[in-house]
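The numbers in the UniProt record's numbering rise by one with no breaks, and the one at position 385 of the sequence shown is 385. Quick reminder that beta carbons are idealized off the backbone N, C-alpha and C, glycines included. Heads up: the structure comes next, in structure tokens.
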Amino acid sequence: MASDENPSDRGTALEPEITATRSPNAGDIPLDAGDLVQSQATIELRRTIEASIPRIIDLLSDSDKGLREEAVGLLWKFSEQAEFRSAIGGFLPHIVALLEDSKSEVRIAAVEALSKLSEQPEFRESIRASIPTFVGLLTDADRDVTWAGEEVLSKLSEQSEFQESIESSISYIIALLKSRNVHVWSNGGRLLSKLSVQAEFRESVKASLPQIISLLESTEYEVRWATARALSDLSMDTQLWHPIEIYIPRIIALLKDDDWRVRMECLNALPKFSKQAECRPYIGTSIPQIVVLLEDNEYQVCNNGLSALASLAEHPEFRESIRAAVPHIVSVLKGTRQYVRRDCAKTLSTLSEHSEFRESIVTFIPDIIASLPGGDSWARMEAVELLSKLAEQAEGRE
């Protein structure tokens, strides 16, 4: 007796069917045997990954830098998948505890891991409680740890969940400018400038300016140096130009500071402040002092002085004062310090791009030619390029 069963249905009738979780927008979706195996394999893989998370966190303390970095990367990748966040979240206290590990490399690995994990909203409340610890890392004995602390605080400051805690630390960050450790105060000043460009912190930084300016009177050169650097960094925020404007004369006074590093930072800051028109009348009075510093005993002061003149020349109101300094620049060009000679030639070349300076510079062509013999090749090359540029300008090619 022949069967009424369709042979084509026989195979499918023998295959098991599994009903998947019902979707609110669809009916039951059957999975065939292959799908079931794949689903089970996925479940097993996830269980394996979850079970490995404690071991991955242990690798943050490994002596091998590559393994520590790999652990940070794995935690970050796994945290991007919702199914692993609960497992990772349970170990956050352990990672936070590593911020106080005796080994600096472990502290750095913990900072990097928490920085990555902060990208997930689920972890932010736990990480927020660690803000004081991150701030404490800014005074760490290891400079790489202080840098890591500054980096993570800068990153967290962009997320609303952390801003209140970080804002409450601004006074502490300003106090870092009093440190005699260059890595501590430089990271503190840099962090302060990064915070100031964010609207959420700007008012607090602005209100702290008198406190910062008062540090210029410190008897410790490191503090004056740190403060001058911080003010230079803060000048990058155009919203702070007006409140800083009234302090420009006090900054200019530091051009006569006993310590060359303080003089160097002031020279670095003035061109930045000159971008604000209201600051220029103050800065114009400093040009004779800048010219004097071209003969400073420290090369970096001379270099910053020449760079300052070249930058200030971008503003027409300074050009007459700078033009009067051309003979002095040529005089320094004829000196014996090779790097300074090179920088003088380079500065004259930059100034020659403005018509107001060309006549004065051309007058000194014999002196420039006389400076060519001897000295290093870089100084001679800059002088030759200057002469070449002047020749092109005379021919009307520029």
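Please report the distance separating the alpha-carbon of residue i from that of residue j.
i	j	result
L267	E70	44 Å
K275	T350	18 Å
L254	R202	26 Å
W76	V197	28 Å
I322	S118	51 Å
Q338	F364	19 Å
L176	S86	37 Å
R224	S235	16 Å
S104	R143	9 Å
I170	L137	14 Å
V111	F357	53 Å
residue 399	P327	Given that the chain is displayed from residue 1 to residue 398, the structure contains no residue 399 and the question cannot be resolved.
S23	S115	With a pLDDT of 38 at S23, under the threshold of 50, the modelled position of this residue cannot be trusted, and the question is left open.
T238	A141	34 Å
residue 420	D296	This structure cannot settle anything about residue 420, because the visible part of the chain is limited to 1 through 398.
G34	I43	Residue confidence is low: G34 scores 49 on pLDDT, short of 50, so the model does not pin down where it sits. Its coordinate-derived value is still stated next. Roughly 14 Å separates the two Cα atoms.
E217	K256	13 Å
P121	H94	19 Å
L372	R229	36 Å
N303	F273	18 Å
S388	I369	12 Å
D62	V106	8 Å
I131	S311	40 Å
D64	Y299	41 Å
G189	E222	13 Å
P54	L60	10 Å
S102	E83	33 Å
G73	K194	26 Å
A97	L240	38 Å
T139	H183	9 Å
L215	L231	11 Å
E284	S154	Residue 284 is actually Gly in this sequence, not Glu. The straight-line gap from Cα to Cα measures roughly 35 Å.
A317	I287	Per the sequence shown, residue 317 should be read as Glu rather than Ala. Whole-angstrom Cα-Cα distance: 12 Å.
L99	L92	11 Å
Is it buried or exposed, residue i, if we count other Cβ atoms within 10 angstroms and call 16 or more buried?
i	result
A129	exposed
P271	buried
E382	buried
D343	buried
H242	exposed
V332	buried
R180	exposed
R250	exposed
G90	exposed
R47	exposed
R68	buried
I246	exposed
S355	exposed
A277	exposed
I18	Note that I18 scores 31 on pLDDT, short of 50, meaning its location in the model is unreliable; the coordinates nonetheless yield the value given after this. When all chains shown are included, I18 counts as exposed.
V262	buried
R377	A quick correction: the sequence has Ser, not Arg, at residue 377. Counting Cβ neighbours within 10 Å, S377 comes out exposed, since fewer than 16 surround it.
G66	exposed
D233	buried
S52	exposed
I think residue i touches residue j, with their Cβ atoms under 8 Å apart; what is that distance to the nearest whole Å?
i	j	result
M264	V301	5 Å
K334	D367	6 Å
I248	Y282	4 Å
I173	L192	6 Å
R280	H315	6 Å
S204	E151	Actually they are not in contact, since the Cβ atoms of S204 and E151 sit about 21 Å apart, beyond 8 Å.
N187	T146	5 Å
Could you please give the first and the last residue of the uninterrupted alpha helix (DSSP H) stretch that includes residue i?
i	result
K275	First-last for K275: undefined, no H or E at that position.
V111	S104 to L117
V326	V326 to L333
F162	S160 to E167
T145	The sequence as given places Val at residue 145; Thr does not occur at that position. Note, V145: alpha helix (DSSP H), R143 to L156.
K256	Taken as a continuous stretch (DSSP letters only), K256 belongs to no alpha helix (DSSP H), as it is neither H nor E.
N303	Y299 to L312
Q239	Where Q239 is concerned, there is no enclosing alpha helix (DSSP H), given that its DSSP letter is neither H nor E.
Q81	Run containing Q81: none; DSSP gives neither H nor E here.
A97	L92 to A97
S204	A199 to A207
Y247	Run containing Y247: none; DSSP gives neither H nor E here.
T133	I131 to G136
Q120	Taken as a continuous stretch (DSSP letters only), Q120 belongs to no alpha helix (DSSP H), as it is neither H nor E.
F318	P316 to R323
K194	V182 to S196
L351	Q338 to L351
E356	S355 to T363
Item checked: contact_flag[the segment 154–165, the segment 203–222] where n(CB pairs < 8 Å) is 3 or more -> no
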